[in-house]
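What follows is a short report on a single structure.
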Amino acid sequence: MATNLQKATWEAMKLIPKGRVTTYSAIARYLDSKATRVVASAVGKNPYAPTVPCHRVVLSSGKIGNYSGGNGVSTKIALLAKEGVVVSNGKIVDFATRLWEFEL
DNA sequence: AGCGTGACGAACT
DNA sequence: TAGTTCGCCACGC
Numbered sequence: 017m018a019t020n021l022q023k024a025t026w027e028a029m030k031l032i033p034k035g036r037v038t039t040y041s042a043i044a045r046y047l048d049s050k051a052t053r054v055v056a057s058a059v060g061k062n063p064y065a066p067t068v069p070c071h072r073v074v075l076s077s078g079k080i081g082n083y084s085g086g087n088g089v090s091t092k093i094a095l096l097a098k099e100g101v102v103v104s105n106g107k108i109v110d111f112a113t114r115l116w117e118f119e120l
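So, in structure tokens, the structure goes:
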């Protein structure tokens, strides 16, 4: 069963345009919540795997973070690379430019 | 009902 | 600058 916060998390992620990334804290802020962990947990569960581009969610520090699927982080990096987001040493290149902020 | 844990973040030391 | 601690919401024991 999904809670409102989780559903909202998935809805928010679907708003992320291709070639852009966002952070867990950005989503939490968009949901008007401080529970970044719930967001991370929701993304990790991700029942809407192909519908929700969970690989576009990274850490606020610009790092990739984690990933549950394929070969883990490697797969996440590959998916991002296919969308034009370059990742070097587990970190987003030009993170500030690639970062997407939700419109309130 | 309480405790520990989780694809995290920000503050503190 | 790096490592540690607390906070947050949800879930399982």
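Number 120 marks the last residue of the first sequence (our numbering); no jumps.
We put the beta carbon where it would ideally sit given N, CA and C, even for glycine.
In this text, all values refer to a predicted model and were calculated from it rather than measured experimentally.
In the DSSP assignment, residue 75 is bridged to no other residue.
The closest CA to that of residue 72, considering only 17, 120, 102, is found on 102. DSSP places residue 118 outside any alpha helix (DSSP H), giving it a letter other than H or E. A Cβ-Cβ distance of about 12 Å is found for the pair residue 29 and residue 63, leaving them out of contact under the 8 Å criterion.
For a cut-off of 8 Å, the C-beta gap from residue 47 to residue 25 is around 7 Å, short enough to register as a contact. In this structure the region 85-95 does not lie against the region 40-60, because fewer than three pairs of beta carbons, one per stretch, are closer than 8 Å. Within the region 21-107, the runs of alpha helix (DSSP H) at least 4 residues long that lie entirely inside it are, in chain order, 40-46, 52-61, 89-98. Each of 114, 33, 20 was checked against the Cα of residue 75, and the nearest Cα belongs to 114.
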